[in-house]
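Accompanying notes for the structure given below.
Numbering (the working numbering), first residue to last: 1392 to 1710.
So this is what it looks like as structure tokens:
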């Protein structure tokens, strides 16, 4: 049938780094509110460059991922996975423009959204199905993520996160030498779809069950991968905030070091790119173990919970 493999994962972070207090006036946050983000949510700095063009953000990681395309390989699909549905003016097709700028004019290009920050993991699942359906030899796909925190409305998620700028790219094929995707599980709680319109009671209800819902999806993904949770080396999460992950760690009943959280104070939440930024950090620091199993986890407003189990193989590492 062909197993989906992640041949190369790359990420890109703008050079400009700011402390969250520098965004107080821009986001309309009082000192006390910023103090909550720092003390309780664990945020410190993030990458934010309001002068950076969206396509300048997207290109670097995409080009590095393409460097792993072997001779004879063909990019059949370029998929742009994004959280915010409107990321560019209506007359700009981001996926097609990125495809053309990368010189991939013969590739089919399209965008995927509607699962918010889980859209990137969902895109990998869709890509695997497309490649299996086509059955073309030496076919690859390039999944690209990256969004600008272009407005206070999308940058500040009340009582949850401050969004940052970042991008990522993943080169995907079937039965390659890279990390093998073993399972992917999502669960959507549609009663929370109108996120900005939720009542205080609904927000409290969602917060109370947040950790439990992530834990359920993680355990199901691990089971569908044919593994026990003890087989998992590390959870590679999104960077929403430390408070949410402490709640999840408690629900999972695992040691805190089982979840990679070092990038939360460094980079904050980066739309659909978090898990790949964190993966690249771990890989570049030599902390991914060949043959070990990892769970990539994200949650999207609306509310979708997603978990993907992968087995790391050195074939997916940069030369």
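Glycine included, every Cβ here is placed at the ideal spot set by N, Cα and C.
Just so you know, these numbers come straight off a predicted model, no measurement behind them.
For this session: Taking all protein chains shown into account, decide if residue 1696 is buried (16 or more other Cβ within 10 angstroms of its Cβ) or exposed.
Result: buried
For this session: Decide if residue 1519 is buried, meaning its Cβ has at least 16 other Cβ atoms within 10 Å, or exposed.
Result: buried
Problem set entry | Selection from 1675, 1689, 1683, 1430 that minimises the alpha carbon distance to residue 1570 | 1683
For this session: Please state whether DSSP places residue 1560 in a helix, a strand or coil.
Result: strand
Problem set entry | Per DSSP, cross-strand counterpart(s) of residue 1472 | 1503, 1536
For this session: Could you say if the segment 1656-1671 and the segment 1602-1610 meet the contact criterion of at least three C-beta pairs nearer than 8 angstroms?
Result: no
Exercise. So what does residue 1397 bridge to, in DSSP terms?
Worked result: 1563, 1570
Exercise. Counting only runs that start and end within the segment 1422-1458, where is the alpha helix (DSSP H) found for 4 or more residues in a row?
Worked result: 1422-1430, 1445-1457
For this session: Identify whether residue 1408 lies in helix, strand or coil by the three-state DSSP scheme.
Result: strand
Problem set entry | Cβ distance (whole Å) where residue 1629 is taken to contact residue 1660 below 8 angstroms | 7 angstroms
For this session: Would you please verify whether the beta carbon of residue 1582 is less than 7 angstroms from any beta carbon of chain B?
Result: Of the chains in the structure shown, none is chain B; there is only one protein chain.
Exercise. If you compare alpha carbons, which of 1448, 1463, 1578 is closest to residue 1492?
Worked result: 1448
Exercise. Are the segment 1675-1694 and the segment 1501-1518 in contact at 8 angstroms, needing three or more beta carbon pairs?
Worked result: yes
Exercise. With C-beta atoms as the reference, is residue 1428 less than 7 angstroms away from residue 1411?
Worked result: yes
For this session: Pick out whichever of 1637, 1479, 1627 has its Cα sitting closest to the Cα of residue 1674.
Result: 1627
Exercise. What is the DSSP secondary structure of residue 1616, counted as helix, strand or coil?
Worked result: coil
Problem set entry | Own chain partners of residue 1517 with C-beta closer than 8 angstroms, once the 5 adjacent residues on each side are dropped | 1470, 1503
Exercise. On the three-state DSSP scale, how would you describe residue 1692?
Worked result: coil
Exercise. Would DSSP call residue 1417 helix, strand or coil?
Worked result: helix
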